[in-house]
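Under the numbering used here, think of the first position of the sequence shown as 163, with each following residue one higher. All C-beta atoms in this analysis are idealised placements derived from N, C-alpha and C, irrespective of residue type, glycine included. These numbers come from a predicted model, not from an experiment. Note sheet for the following structure.
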Amino acid sequence: MKTLVLSMCCFLAALQLHAQDTEFPKEWEVQLKLTNGMITNFNSYSPDIYTGALGLAPQYAIVPHKLRVGATAMLMYNNKKLGGLFGPSAAFKLSSIGTKLFGVGNIHVQVEHLWGTDKQRLLGGGPYVELGHKLLIGITTHRDYKLNTWWFQSAIGIKLNKTKAKDRQDFN
């Protein structure tokens, strides 16, 4: 009898113990990103320009586990001077990375429309991998439709705020 009760408890617990989608919870997320890349117009007679930036990107999940929207503000270096970029951004989750019991990360596409302090008008984005609810790695392509250039960058970032306890899987 004791074995039967123990087996039933294990069976019921196993039914409840399935992977929960912990990615893109309905809350604010603040990312600190460092980007590095080049600006080109694909002309052989003009050299490509180095660009790098450090910025903040707060986002809120308006569709939990699928879509975050927010803003981006960056301090950038390009063309041998400092400037700024700012504008709206959105992230759409493509897939979760995880095991059967818990999520490890996600793959998402981020889209941005940025205005610069030196007449830049950028529209673009790219794929990102978010790991461990902390680390962010991605590559982006932006088209500057005002200055007729392309921006190709790699990005690495960290999530500054913590995920609330109610959104994490509890195994106890």
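K195: member of the beta strand (DSSP E) spanning W190 to T202, first to last residue. F314: member of the beta strand (DSSP E) spanning T311 to K321, first to last residue. G249 sits away from T279, with the two beta carbons spaced by 7 Å or more. Residue environment: W190 is assigned as exposed (fewer than 16 neighbouring CB atoms within 10 Å of its CB, all protein chains considered). A direct Cα-Cα distance of roughly 26 Å separates H270 from Y212. For the pair A223 and K188, the CB atoms are nearer than the 7 Å cut-off. Note on A219: 16 or more other CB atoms within 10 angstroms of its CB, so buried under the neighbour-count rule. G294 is bridged by DSSP to nothing; it lacks a bridge partner.
The beta-carbon separation of K296 and I320, rounded to 6 Å, stays under the 8 Å limit for a contact.
Bridge partners of Y212 according to DSSP: M200.
In summary, T303 is exposed, with fewer than 16 beta-carbon neighbours lying within 10 Å of its beta-carbon over all protein chains present.
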